[in-house]
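Report on the following structure.
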Amino acid sequence: MIWRSVVGKLWLTIILLVSVVLFTLTILLTQFVGKYYDEQAEDRLTKLAQKMTELVEHYESREEAIRISSELVDAYSLNAMVIMDKKEYYAPSPKKGGGPDIPVSVFFQNKTLANVYKKGQKGVEEGDFPVTMNGKEIHHRLLIVGLPFHMENGKKGAVYIYQSLENIAENTNYTKRLIFLSAGIAIILTTIFAFFLSSRITAPLRKMREAAAHMARGEFDMKVPMLTHDEIGELAMAFNRMGRQLKNNINALNQEKEQLSGILSSMADGVITFDRRMKMLVSNPPAQAFLHAYREGMGFKEDALPEALQELFQDVVMHENNQFIEMNFQGRTWVIVMTPLYNQSYVRGAVAVLRDMTEERKADKLRKDFIANVSHELRTPIAMLQGYSEAIVDDVAGSREEEKEIVKIIHDESLRMGRLVSELLDLARLEAGQMKLHPVTVHLPSYFERVVRKFNGLAKERNIEVTLQMNGIHDSEASFDPDRMEQVLTNLIDNAIRHTSEGGTVTISVQRKEATLSIQVADNGSGIAEEDLPFVFERFYKADKARTRGKKGGTGLGLAIAKNIVDNHHGKISVQSKWGEGTTFSISLPFAVEQ
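Per UniProt numbering, the very first residue in the sequence shown carries number 1; after that it's consecutive.
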């Protein structure tokens, strides 16, 4: 509706304001005009009465004075009466058709008019008086002004001049009609002008409303035209400037948001932002994965949070400083650091950073295990070297044969220590990427026959059958580092022979599968327990918990070195075993290994 718009409200306001002003002004003007005409009529009658009294008082001829007075009265189209005494009166009439005549008794019945003659006081009276017109008595509204006079012969009298109030009312009504007409025309013009003015003033405001609606929808290219150079024009200019500034600020905010989103998405650590009610506001993929795993693992609903995280949030809000905890879940270790977010003087929320410390904790454990294992591996040979060397120094050996036996033990232990150190160095170089491969083209049948041939003596000694099976690789060639792969195969075959009982078999199978070379070393020996399978490629790990030594003794680094060599060839190594049934190590290598 138009009354709800700015145009209608402004238009109605101007009309009401002007109408109230015109109404008040019209009332005051009509009152003023009525009073003005009454005062003018009274003043005119008073002045004419004064002239008549002067004529009557100074003219010697009464008839001449009355004649001149009659002409004056006729000139103004008025009615007058001159009373010399109660019995004599002269009543000149208007020049056309006569006028209302008042009997003399009327003047003396009215107290105010009677005092003019009796007491010599001026009298003015307005009201209904009985008059005769054309021989008939009627009541007529008259304005009567009376002035006394005194003649030289001592006689006194009074002059009464009267005029019909209808004549005065006609002039007054005519003027009032002009005033009302002017007021009506003014209201009509004001209505038209107010509508035009309000429409012109509010046109830029309507444009601004449309532009604001576009801005609310995110369209900041909308501009308000400058139709005027006044305050509204300046407002339009400021509105356009505000739109440009908003666009720039929102673009900057979007860029910062995208940048922050990109940073959060690319972070390896999980990030979660909470408000004061611990409602999750922002989270990145690692944090979402953590919460999803927690909810799935605990069987909670989608919006559930870990209890440890809730307690940490309460501590942050209460103490208003950084807090952290370490929690274990599904075999992984998480460190959560939570920092309060401030809104001027109070905490408005918190941001939590979730870091998966599983690998670090595992690395710490491996480091500690490595130190313990190295210490354990070196302690026995060093103790033996120290003990047997002291035996030689103290001449404990009773014969030359015993002395040679002690020296042989010292030599074997020194070789064992050297082998351990060499394997540690090799493993360190492999893990650090410092050991480079030297791939060459290898003739596969001759290569594997040579490697297997090295174990014929050991196999015969233990009465173990070693078999080489080659399928589809006759006269085939492949590219890899032969020395490093021979180290891997030697370790696997040696382990298979050492863990296979007398009369057992060890089978080496080599075949081509598409673009890969598949190698398997299988035995029917003692096998590996199921709980030990995930750890066979770790450093110093031994399924023999007692770490017994002897012919089966080893450093526990061979499989770790083998896995690193295969990984550097971009291949894969795996193990399958069943306790008491045997073990199978499988290697998959690409046919062409890049250097």
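By construction, the Cβ of each residue, glycine as well, lies at the ideal position given by its N, Cα and C atoms. Being a predicted model, the structure only gives us computed values, none of them experimental.
Between which residues of its own chain and residue i is the CB-CB distance below 7 angstroms, once the five residues before and five after are set aside?
i: V224; result: P204, K207, M208, A211, A236, F239, N240
i: F480; result: P439, V442, H569, L589, V593
i: I138; result: V131
i: M84; result: K155, G157
i: E125; result: N110, T112, L113, I144
i: A304; result: R295
i: T191; result: I15
Looking only at DSSP bridge pairs, what is residue i linked to?
i: H443; result: E477
i: P148; result: A158
i: N471; result: Q511
i: F62; result: One detail in the question is off: residue 62 reads as Arg in this sequence, not Phe. R62 pairs with nothing; no bridge assigned.
i: M81; result: Y160
i: E42; result: Looking at the DSSP assignment, E42 forms no beta bridge with any residue, so it has no partner.
i: A522; result: T507, T584
i: E465; result: T505
i: A592; result: S479
Contact check, residue i vs residue j under 8 angstroms by CB: the rounded distance?
i: D275; j: G349; result: 4 angstroms
i: A194; j: W11; result: 5 angstroms
i: V452; j: I508; result: 6 angstroms
i: V271; j: L264; result: 5 angstroms
i: residue 618; j: P285; result: Only positions 1 to 595 of the chain appear in the structure, and residue 618 is not among them; the question remains open.
i: L517; j: A478; result: 5 angstroms
i: V521; j: I493; result: 6 angstroms
i: S577; j: I528; result: 4 angstroms
i: S105; j: R141; result: About 19 angstroms separates the two Cβ atoms, so there is no contact after all.
i: I68; j: M81; result: That pair is no contact at about 15 angstroms.
i: I168; j: D74; result: Their Cβ separation, rounded to whole angstroms, is 19 angstroms, which puts I168 and D74 out of contact at 8 angstroms.
i: F313; j: M278; result: 5 angstroms
i: L468; j: F448; result: 6 angstroms
i: A560; j: E538; result: 6 angstroms
i: G233; j: M226; result: 5 angstroms
So for residue i, helix, strand or coil by DSSP?
i: W579; result: coil
i: S586; result: strand
i: residue 597; result: There is simply no residue 597 to check, as the chain begins at 1 and stops at 595 in what is shown.
i: A529; result: coil
i: S574; result: strand
i: K176; result: helix
i: F129; result: strand
i: H140; result: strand
i: T500; result: coil
i: L517; result: strand
i: G262; result: helix
i: G8; result: helix
i: D101; result: strand
i: G558; result: helix
i: G120; result: coil
i: K96; result: Confidence is the limiting factor: at K96 the pLDDT is only 45, short of 50, which leaves the residue's position unreliable, though a coordinate-based value still follows. K96 falls in the coil class under three-state DSSP.
i: F455; result: coil
i: H411; result: helix
i: L489; result: helix
Given residue i, which residues of its chain have a CB within under 8 angstroms of its CB, disregarding the five upstream and five downstream residues?
i: I179; result: T26, L29, T30, V33
i: L341; result: T273, V347, R348, G349, A350, V351
i: G504; result: I464, E465, D523, N524, G525
i: G97; result: Residue placement at G97 cannot be trusted, given a pLDDT of 49 that sits under 50; what the coordinates show is reported in the next sentence. Taken in chain order, the list of residues that qualify is empty.
i: P445; result: M470, I473, H474, D475, S476
i: G120; result: P148, H150, K156
i: I187; result: I15, V18, S19, L22
i: N491; result: G558, L559, I561, A562
Run the proximity test for residue i: is its beta-carbon closer than 8 angstroms to any non-hydrogen atom belonging to the ligand HEM?
i: I528; result: Ligands are entirely absent from the displayed structure, and the ligand HEM is therefore not among its contents.
Excluding the five sequence neighbours on either side, which residues of its own chain have a C-beta within less than 6 angstroms of the C-beta of residue i, listed in chain order?
i: R549; result: Since pLDDT at R549 reaches only 44, below the 50 mark, its modelled position is unreliable, and no value is offered.
i: residue 651; result: As shown, the chain starts at 1 and ends at 595. That puts residue 651 outside it, with no answer to give.
i: S283; result: I272
i: Q511; result: N471, G472, S518
i: H411; result: none
i: M327; result: A308, W334
query: Which ranges does the beta strand (DSSP E) cover as unbroken runs of at least 3 residues, wholly within the segment 181-228, from first to last along the chain?
result: Segments of the beta strand (DSSP E) lying fully in the segment 181-228: there are none.
query: Whole alpha helix (DSSP H) runs in the segment 267-343 with 4 or more residues, listed along the chain?
result: List check, alpha helix (DSSP H) in window: 285-298, 307-319.
query: Unbroken beta strand (DSSP E) runs of length 3 or more, entirely within the segment 346-404: which are they?
result: Runs of the beta strand (DSSP E) lying entirely within the segment 346-404 and spanning at least 3 residues, in chain order: 346-356.
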